[in-house]
Structures are given as structure tokens and as C-alpha cells.
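This report refers to the structure that appears directly beneath it.
Residue numbers (full-length UniProt numbering): 1 to 148.
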């Protein structure tokens, strides 16, 4: 194991508890991936990469690649989550300067749905999913909190 991979491992295990409704950026992607049961990896500042980013392994045992896991901004990842969890969304023009998107996430069980908001449908959806499956607080790597 290299020094860099030790740093990445340490960054992924040094966690902080944050309010799920306030999650954004890479921290939000990490929280969504965790509640979806995805094995996530971090890659941090080096070369052209100036902030920490979340990745997941895509492919099989022999042929695979690591790709960004960012459902909070990528419809290729967030769209299927919307199909799976979202039944309703809308825009409330009375929240904030430009309004805010509001999304409900649904599941079977005692807590059937949660509502969350955000600057985009995907951000609102991801927050609602995390709230639904993890509750009001969630643990994410500390290095992701600073970089939103």
C-alpha cells in the first residue's frame, strides 16, 4: 500500500456527523452512495485535482474502472434514483431569493416518505433519500465537508 493510498484510506474513515438536510456537493454524493449500499472510494488533492472527490467501481472482477459518484449533479446517476424513490417534486418560489426545489422520497416501511429542498431537483432528491434512509444526521468523511 502506498503513502497516497494510506492518506485516502484515512480520509475515508475520519468521519463527522452532519445534518442531512444541509448536505451538498461530494458529501451529499457520499451519503447517497452509502444509503444505496455502494462501495465508495475517495481521491484527493494531487495533480490537477484540487478537492476530494467520490468514486465508485463500475464493471466486473476482471475489467472495471473507477468513475465519479455524483448523483447530486449527474442525471445519469440521479435519474434512476428519481425513478426508484421520487413520486413528486415541485418548485417553491417563496423559499430563498430564486426559490427552491422540493422533492419527496418514498419507501416501504414505517417511515414512508421524507421531504427535502435544494437548488436543483437532484440536490433536493438526494437530500430526501438520505433523510429517509439515515435520519436527520449522517456521517461523512471530514475532508468532504469543507469542500461542499
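Cβ atoms here follow ideal geometry from the backbone N, Cα and C, with glycine treated the same way.
**Request:** Might you give, ordered along the chain, the residues of its own chain that have their beta carbon closer than 8 angstroms to the beta carbon of residue 15, omitting 5 neighbours on each side?
**Result:** The residues are 139, 140, 141, 142.
**Request:** Can you have a look at residue 13 and say buried or exposed, based on whether 16 or more other CB atoms are within 10 angstroms of its CB?
**Result:** With fewer than 16 Cβ atoms within 10 Å of its Cβ, residue 13 is classed as exposed.
**Asked** Distance, Cα to Cα, residue 92 vs residue 99?
**Response** Distance between the alpha carbons of residue 92 and residue 99 is about 5 angstroms.
**Item:** CA-to-CA distance, residue 55 to residue 25, given in whole angstroms
**Value:** 13 angstroms
**Request:** Identify, in the order they occur along the chain, each residue of the same chain with its Cβ nearer than 6 angstroms to the Cβ of residue 114, setting aside the five sequence neighbours on each side.
**Result:** 105, 128, 131, 132
**Prompt:** What does DSSP give as the partner residues of residue 109 in its beta bridges?
**Reply:** In the DSSP output, where bridge partners are listed per residue, residue 109 has none listed.
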